[in-house]
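Here's the structure, in structure tokens; my notes come after.
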Amino acid sequence: MLPGGKQEVDETPQQAAIREYFEETGIKVVNPKLKIVATHNHYYKNRVYIVYIFVAQEFSGELKESDEGKPMWMKLEALLKDEKLYPDLRRHIRLAMEDTGNEVIFTYHKFNKDLEIIEES
1 MLPGGKQEVD ETPQQAAIRE YFEETGIKVV NPKLKIVATH NHYYKNRVYI VYIFVAQEFS
61 GELKESDEGK PMWMKLEALL KDEKLYPDLR RHIRLAMEDT GNEVIFTYHK FNKDLEIIEE
121 S
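Going by the UniProt record's numbering, the residue at position 121 of the sequence shown is 121; the numbering climbs one at a time, nothing skipped.
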């Protein structure tokens with residue numbers, strides 16, 4: 001749904017965000033700002049992932065299709081109503097759009113097999 005991926009050994013989380021966004025969309029983001037560090041608990045993989053969420057105001061390039069799919073721009077309201085959006089991402093997007101200055105928000109979510117949040121902080 002949203003661009004993302006794994007951090008390579010030799011890159012920072014910010015560099016990974018810039019690379020993944022470009023690879024999956026064709027858009028080059030400039031100076032993305034870290035807004036949220038979160039845990040994502042995959043019940044079906046029995047793993048916990050650390051997720052870094054960045055927001056960028058500057059970008060260049062044109063959307064291009066990739067192996068990940070066909071990217072498209074969406075209005076924020078439509079994205080937040082999309083049934084395919086994970087519940088934690090819905091919360092994270094709302095939080096990321098708030099002006100928190102230089103604060104970084106830390107969150108924790110645990111899901112059941114139906115992808116319903118059963119624990120959060």
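Built from N, CA and C at the ideal position, the CB exists for glycine as well.
Distances from the alpha-carbon of Q57 to those of K35, L85, N112, N41 put K35 closest. The beta-bridge partner set that DSSP reports for F22 is empty. F59 sits exposed, since fewer than 16 C-beta atoms from the chains shown fall within 10 Å of its C-beta. Ranked by Cα distance from D88, the options K64, T25, Y52 are led by Y52. Every beta strand (DSSP E) of 3 residues or more that sits fully in the region 13–88 is shown, in chain order, as 28–30, 33–42, 47–55, 58–60.
For T100, there is no enclosing beta strand (DSSP E), as DSSP marks it with neither H nor E. Apart from sequence neighbours up to five positions away, the residues of its chain that approach L79 with a beta-carbon distance below 8 Å are L85, I93, ordered along the chain. K110 sits close to E119, with the two beta carbons spaced by under 8 Å.
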